[in-house]
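Colleague: Structure provided below as structure tokens; questions to follow.
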Amino acid sequence: MTDILEVRGLSYGHSEQRSVFQKAREGFQVRDFHLSLRAGDMHALIGESGAGKSTLARLLAGALKPAEGLILWRGRPLTSYSLRERARGIQLVMQDATEALHARRTVGEQLREVARVTRGLSPSQVRDMIPQRCLELHLDPLLLERFPHELSGGQRQRVNLLRALLCEPELLICDEPLSALDRLHQVELLEILQEWRQRTGGAIVLIAHDVNVVAQWSDAVSLLYQGRCLEQGPSKAVLQRPQHPYTRWLLSAQPRLYRPAWALARSELVSREERPGVVVYPSCPWVKRCALAEPACWGQESRLKRQDVDSSHQSACIRSEDLPWHVGS
Ligand code: SF4
103 MTDILEVRGL SYGHSEQRSV FQKAREGFQV RDFHLSLRAG DMHALIGESG
153 AGKSTLARLL AGALKPAEGL ILWRGRPLTS YSLRERARGI QLVMQDATEA
203 LHARRTVGEQ LREVARVTRG LSPSQVRDMI PQRCLELHLD PLLLERFPHE
253 LSGGQRQRVN LLRALLCEPE LLICDEPLSA LDRLHQVELL EILQEWRQRT
303 GGAIVLIAHD VNVVAQWSDA VSLLYQGRCL EQGPSKAVLQ RPQHPYTRWL
353 LSAQPRLYRP AWALARSELV SREERPGVVV YPSCPWVKRC ALAEPACWGQ
403 ESRLKRQDVD SSHQSACIRS EDLPWHVGS
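Just so you know, we're using the numbering used here here: the sequence shown kicks off at 103 and counts up by one.
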């Protein structure tokens, strides 16, 4: 199957040059990001706040112009498509559902307008279709007559998602749809997304900060920190054999019944005090917090590197091979 989305060396922001004698200081919000996505794939972008996830979501949706790199949509640069073509192919579901919905228009008015404009349906077709689509997302059709502020946070989030799905996109980018929901509603939303991609063959980029929740539902994950991708690969491989100290630190936040072979205690993975100094590109961005850092981690390029010739599992840690339970060991 061919890739529908291919991202090569994507960067956003700028490097701050303080003087000609000093090295460029990292000023990029996203740096050198790569991704390949096929129809039906779910790829999770995971990281702490400030990792560049939302900026990346906007770049992939074509809402921001990259400083470097290329986004290919169905083999052609994304910029070569018209706004209308882009909106039909790629839909971005914003993190803040309250901001994304019009406060003074009822939910029904907003959804009917999207269906009419993007799919050219007649008013009677729209009237019949919208209540049915509400039920698919576990929304009571009576909510259509309400205003967004009369809905709960979870309901607003699903209305926002339904608005994007009405455009019948081939790629759905969901920016932190789970952050305001409790665990029960998180699972409900993940089941809706799973059902949608299986039924339509659509691809999903799902942005979240909890690797333990999302990785089990996605085919592949990228772990982001300060705008850089530190580990990427099939979710199963990353969950079972994480190859970057940052990933291991994120995964170790979850209580476990047994201690996996790769696990160090969470406190063993971060240094007691954050190291002083400015992290200058191309140092490892995790270097100030990494308990395993060595002098070579400062100032040395830490690009993603395949952990196994047969696998797409990649880590940007230059000491990956020294970590307990390295893929190749
Ligand atoms: S490259 Fe160095 S600082 Fe970065 S994660 Fe690996 S050991 Fe730690």
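In this text, a Cβ means the ideal position worked out from N, Cα and C, and glycines have one as well.
Less than 8 Å between CB atoms is the rule here; does Val132 satisfy it with respect to chain B?
Modeller: Any reference to chain B falls outside this structure, which holds one protein chain only.
Colleague: At a cut-off of 7 Å, would you count Ser404 as near the ligand SF4, judging by its Cβ distance to the nearest heavy atom?
Modeller: yes
Colleague: Within 10 angstroms of its Cβ, does Asp424 collect 16 or more other Cβ (buried), or is it exposed?
Modeller: exposed
Colleague: Under the DSSP definition of a beta bridge, which residues are partnered with Ala146?
Modeller: Leu308 and Val323
Colleague: Relative to the C-alpha of Glu376, which candidate in Lys390, Ala153 and Ser369 has its C-alpha closest?
Modeller: That would be Lys390, whose Cα lies nearest to the Cα of Glu376.
Colleague: Going by C-alpha distance, which of Arg214, Leu352, Gly255 and His116 is nearest Gly329?
Modeller: His116
Colleague: According to DSSP, simplified to helix, strand and coil, what is Ala126?
Modeller: Because the pLDDT at Ala126 is just 48, under 50, the model does not fix this residue reliably, and the point stays unresolved.
Colleague: Just to check my reading of the structure: Ile275 and Ile173 have Cβ atoms closer than 8 Å, yes? What is that Cβ distance to the nearest angstrom?
Modeller: Not a contact, Cβ separation roughly 12 Å.
Colleague: Based on DSSP bridge pairs, tell me the residues matched to Gly335.
Modeller: Val323
Colleague: For Phe135, write down the residues that DSSP places opposite it in a beta bridge.
Modeller: Leu112
Colleague: Can you tell me which of the three DSSP states Leu223 falls into?
Modeller: coil
Colleague: Output needed for Glu278: all residues of its chain with C-beta closer than 6 Å, excluding positions within five of it in sequence on either side, in chain order.
Modeller: So the list reads Gln197 and Ile309, once near-sequence residues are dropped.
Colleague: Suppose the cutoff is 6 Å on Cβ atoms and the five residues either side in sequence are ignored; what does the same chain contact list for Ala282 look like?
Modeller: Gly255
Colleague: What residue range is occupied by the uninterrupted beta strand (DSSP E) comprising Leu274?
Modeller: Leu273 to Asp277
Colleague: Which residue wins for smallest C-alpha separation from Ala305, given the options Leu291, Ser404, Cys331 and Ser138?
Modeller: Distances from the CA of Ala305 to each of Leu291, Ser404, Cys331 and Ser138 were compared; the closest alpha carbon is that of Ser138.
Colleague: Can you give me the C-alpha to C-alpha distance between Pro250 and Gln257, rounded to a whole angstrom?
Modeller: The C-alpha of Pro250 lies about 9 Å from the C-alpha of Gln257.
Colleague: Taking Asn262 and Leu194 to be in contact with their CB atoms under 8 Å, please state how far apart those CB atoms are, rounded to whole angstroms.
Modeller: Contact doesn't hold; Cβ gap of about 10 Å is too wide.
Colleague: Quick check: what's the CA-CA separation for Val209 versus Leu264?
Modeller: 11 Å
Colleague: Which residues mark the beginning and the end of the alpha helix (DSSP H) in which Glu457 is found?
Modeller: With the chain covering 103 to 431 only, the question about residue 457 has no answer from this structure.
Colleague: Does the Cβ-Cβ distance between Tyr114 and Leu166 come in under 8 Å?
Modeller: yes
Colleague: Just the Cα atoms here: how many angstroms apart are Glu238 and Ser337?
Modeller: 27 Å
Colleague: What are the partner residues of Cys433, as DSSP defines its beta bridges?
Modeller: The displayed coordinates of the chain run from 103 to 431. Any statement about residue 433 would go beyond what the structure contains.
Colleague: Is the region 227-237 touching the region 172-188 in the sense that three or more CB pairs, one from each, lie closer than 8 Å?
Modeller: no
Colleague: Taking Gly285 as the reference, give the member of Val316, Arg214, Tyr348 and Gln131 with the closest Cα.
Modeller: Reading off the sequence shown, one finds Arg at residue 285, where the question assumed Gly. The candidate whose alpha carbon is nearest that of Arg285 is Val316.
Colleague: Which residue marks the beginning of the alpha helix (DSSP H) containing Gly171, and which one marks its end?
Modeller: Segment Glu170 to Trp175 is the beta strand (DSSP E) holding Gly171; no alpha helix (DSSP H) there.
Colleague: Going by Cα to Cα distance, which pick from Cys386, Cys331, Ser369 and Gln402 is closest to Leu158?
Modeller: Cys331
Colleague: Per DSSP, what kind of secondary structure is Gln416 in: helix, strand or coil?
Modeller: strand
Colleague: Along the chain, where does the beta strand (DSSP E) containing Gln193 start, and where does it finish?
Modeller: Unbroken beta strand (DSSP E) run through Gln193: Ile192 to Val195.
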